[in-house]
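> Numbering (our numbering), first residue to last: 30 to 129. C-beta: ideal position from N, C-alpha, C; glycine also. Here the structure is a predicted model, which means the values were calculated and not measured. Please find one structure pasted underneath; my questions will follow.
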């Protein structure tokens with residue numbers, strides 16, 4: 030069996046890869062993927078997403094005593110961590126990044 034990197038017919042072009050990456054960077058698309066994972070592999074979803082979301086939310090909540098907190102995480106965890114923190118009384122704040 031040949032890997033996708035070896036075979037000419039299955040090799041991804043730079044444009045295809047760019048399209049794929051941009052697709053999975055969209056929050057709505059990730060929500061759809063997570064919904065499918067939760068539906069078809071609930072144990073996997075629980076272990077890889079839900080438990081980690083709660084772990085990160087608890088950790089962030091414990092940092093409240095330090096004032097402002099900045100958290101960086103993968104897009105698949107945003108909804109779960111944000112939801113857990115909102116339940117604890119947190120309010121999200123978006124800080125725009127200036128364009129180059």
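Here's a check: name, in chain order, each residue in its chain whose Cβ is nearer than 7 angstroms to the Cβ of residue 8, leaving out the five neighbours to either side.
In the structure as shown, the chain begins at 30 and stops at 129. Residue 8 is therefore absent and cannot be evaluated.
> From the DSSP output, in three-state form, read off residue 30 for me.
Here the model assigns residue 30 a pLDDT of 44, short of 50, so the residue's position is not dependable, and the following value carries that caveat. Coil.
> Apply the 10 Å Cβ neighbour rule to residue 123 and answer buried if 16 or more other Cβ atoms are within range, or exposed otherwise.
Counting Cβ neighbours within 10 Å, residue 123 comes out exposed, since fewer than 16 surround it.
> Could you give the DSSP three-state label for residue 121: helix, strand or coil?
Residue state, collapsed to three classes: coil.
> Can you tell me the Cα-Cα spacing of residue 85 and residue 110, whole angstroms?
Near 7 angstroms, if we compare the C-alpha coordinates of residue 110 and residue 85.
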